[in-house]
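**Q**
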Amino acid sequence: MKKDDVFEFFRRLAEENPSPETELEFGNHYQLLVAVVLSAQATDVGVNKATRKLFAEVKSPQDMLELGEEGLKEHIKSIGLFNSKASNVIALSEMLLAEHGGKVPEDRDALVELPGVGRKTANVVMNCAFGAETFAVDTHIFRVSNRTGLAKGKTPLAVEKKLEKVVPQPFRLGAHHWLILHGRYVCKARKPECWRCQVAELCSYKSKNLSED
DNA sequence: CTCCCGATAT
DNA sequence: ATATCAGGAG
1345 MKKDDVFEFF
1355 RRLAEENPSP
1365 ETELEFGNHY
1375 QLLVAVVLSA
1385 QATDVGVNKA
1395 TRKLFAEVKS
1405 PQDMLELGEE
1415 GLKEHIKSIG
1425 LFNSKASNVI
1435 ALSEMLLAEH
1445 GGKVPEDRDA
1455 LVELPGVGRK
1465 TANVVMNCAF
1475 GAETFAVDTH
1485 IFRVSNRTGL
1495 AKGKTPLAVE
1505 KKLEKVVPQP
1515 FRLGAHHWLI
1525 LHGRYVCKAR
1535 KPECWRCQVA
1545 ELCSYKSKNL
1555 SED
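Be aware that the first sequence starts at 1345, since it is given in the working numbering, and climbs by one per residue.
(1) From residue 1389 to residue 1368, what does the alpha carbon distance come to, in whole angstroms?
(2) Starting from the Cα of residue 1504, find the closest Cα among 1366, 1545 and 1490 and give me that residue.
(3) Which residues bound the alpha helix (DSSP H) around residue 1472?
(4) Given this structure, state the Cα-to-Cα distance separating residue 1492 from residue 1420, to the nearest angstrom.
(5) Roughly how many angstroms separate the alpha carbons of residue 1349 and residue 1440, rounded to a whole number?
(6) Where does residue 1478 sit, in a helix, a strand or coil, going by DSSP?
(7) For residue 1403, which residues in the same chain have their Cβ closer than 8 Å to its Cβ, ignoring the five residues on either side in sequence?
(8) With 16 other CB atoms within 10 Å as the buried threshold, where does residue 1539 fall?
(9) Quick one, are the C-beta atoms of residue 1477 and residue 1517 less than 7 Å apart?
(10) Going by C-alpha to C-alpha distance, which of 1480, 1450 and 1392 sits closest to residue 1422?
(11) Beta carbon of residue 1467, beta carbon of residue 1480: below 7 Å?
(12) Please state the DSSP three-state secondary structure of residue 1549.
(13) On a CA-only basis, which of 1495, 1409 and 1382 is nearest residue 1465? Give me that one, please.
(14) Could I get the ranges of all uninterrupted alpha helix (DSSP H) runs contained in the stretch 1381-1410, with 4 residues as the minimum, in chain order?
(15) Look up residue 1442 in the DSSP assignment and say whether it is helix, strand or coil.
(16) Between the Cα of residue 1379 and those of 1358, 1430, 1362 and 1415, spot the shortest distance and give me the residue it belongs to.
(17) Suppose you measure from the CA of residue 1462 to the CA of residue 1445; what does that come to, to the nearest Å?
(18) Determine the contact status of residue 1470 and residue 1437, defining contact as a CB-CB distance below 7 Å.
Here it is, written out as C-alpha cells:
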C-alpha cells in the first residue's frame, strides 16, 4: 500500500472511532493481564462473561492464589482451553509475587517470561496498560494487514515488523485497536462486509463482497 | 508441527 | 457440521 494510502487508511478509521480501546473488561493491570491470557482463541464477549464474576472477587495475584486452580477453573470453564489457561494463570500469579513484587512488569522481556504470555499478549499489555506503541498481531490484525495489503507477512512477527515500518504518527498508539476492531466488525474472516467498509477503495482484496447479501 | 477446547455464527 | 474466536507451549 502506498504511503499516502496508509495515512488515509488510518485517518478514516480514526475519524469514525477517535479513541479506540480494548473491549476486554478489567479494573487494574493485573486483571488486564489475566483477561488477555484468557482471551487466546476465544471471543472478548465470552471472556468478559466469565471475568465479570471472577474479577469481583479476584483483584490481585494474592486473591488468585487464594482462589486456587480448581476454583479458577470453575469460573473459566465456559472459555476454551480452560485447563492450560488456569494452570498458566496460577503459575503467572506466583511468579509476579516471587519476582516482581506482585506487580505487572512493563518490559517485554519480563512479560514474555510469564507462563501463558507470548509476544502478542505482552504487546497488548504494554499498549493498554503502559501506553507503548506496540502492534499486537493477533488473528484479526494478521488477516486485515494481509488482506488489505497494509502489511503483508507470512507470520505474525513478520507482519508486526512491517507495521512498525509503515504505520505513521499520529496513529501508532491506536493502530492496533483500529485494526482489531475493523477486523472484528467489518473485515471479518468469514463474511467481510466490504459494501460498508470505510477503506475499501484503498484495499487490495480481490474478491470484495460489494453487495449486501 | 500438534495439542489445548467451549461458545457462537454460518 | 464446521469455521472461528485478541495464542502459547511442547
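Glycine residues also receive a C-beta, built at the ideal position from the N, C-alpha and C atoms.
**A** Reading from the atomic positions:
(1) Distance from the CA of residue 1389 to the CA of residue 1368, rounded to the nearest whole angstrom, comes to 8 Å.
(2) 1490
(3) 1463-1474
(4) 35 Å
(5) 43 Å
(6) coil
(7) 1371, 1372, 1374 and 1375
(8) exposed
(9) yes
(10) The residue from 1480, 1450 and 1392 with its alpha-carbon nearest to that of residue 1422 is 1392.
(11) Yes, the Cβ-Cβ distance between residue 1467 and residue 1480 is below 7 Å.
(12) coil
(13) 1382
(14) 1388-1401
(15) Residue 1442 falls in the helix class under three-state DSSP.
(16) 1430
(17) Looking at the two C-alpha atoms, the distance is approximately 21 Å.
(18) no
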